[in-house]
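Peer 1: Numbering (our numbering), first residue to last: 5 to 84. Note that beta-carbon positions come from the ideal geometry of N, C-alpha and C, so glycine has one too.
1) Thinking C-alpha only, which one of 45, 12, 33 and 23 is nearest residue 51?
2) Would you mind reading off the limits of the alpha helix (DSSP H) that contains residue 55?
3) Can you check which of these residues, 60, 66 and 19, is closest to residue 36 by C-alpha distance?
4) Taking its Cβ as the centre, do 16 or more other Cβ atoms sit within 10 Å of residue 80, making it buried, or is it exposed?
5) Which term fits residue 65, buried or exposed, when burial requires 16 or more other beta carbons within 10 angstroms of its beta carbon?
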């Protein structure tokens with residue numbers, strides 16, 4: 005599990021992503037707010053029932069970038 009706050013910087017398909025990720029209070033899921041330069045903020049959470057990582061529906065970012073963020077948050081899980 006990620007600490008409460010972590011900076012992010014990674015490259016996916018030749019594009020550089022920079023920003024940060026922070027754990028937010030959620031009584032139901034392990035949830036993180038993600039803020040990346042040039043993108044709207046979004047959330048990623050681990051659904052405890054299905055044990056799958058999910059992301060906000062309207063996130064406009066390459067799915068490979070979401071997978072990279074999930075890999076940095078925790079042990080890789082299956083994405084929604």
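Peer 2: In short:
1) It is 33 whose Cα lies nearest to the Cα of residue 51.
2) For residue 55, no alpha helix (DSSP H) run applies, since DSSP gives it neither H nor E.
3) For the residues 60, 66 and 19, the minimum Cα distance to residue 36 belongs to 60.
4) Here the model assigns residue 80 a pLDDT of 44, short of 50, so the residue's position is not dependable and the matter cannot be decided.
5) With a 10 Å radius around the Cβ and a threshold of 16 neighbouring Cβ atoms, residue 65 comes out buried.
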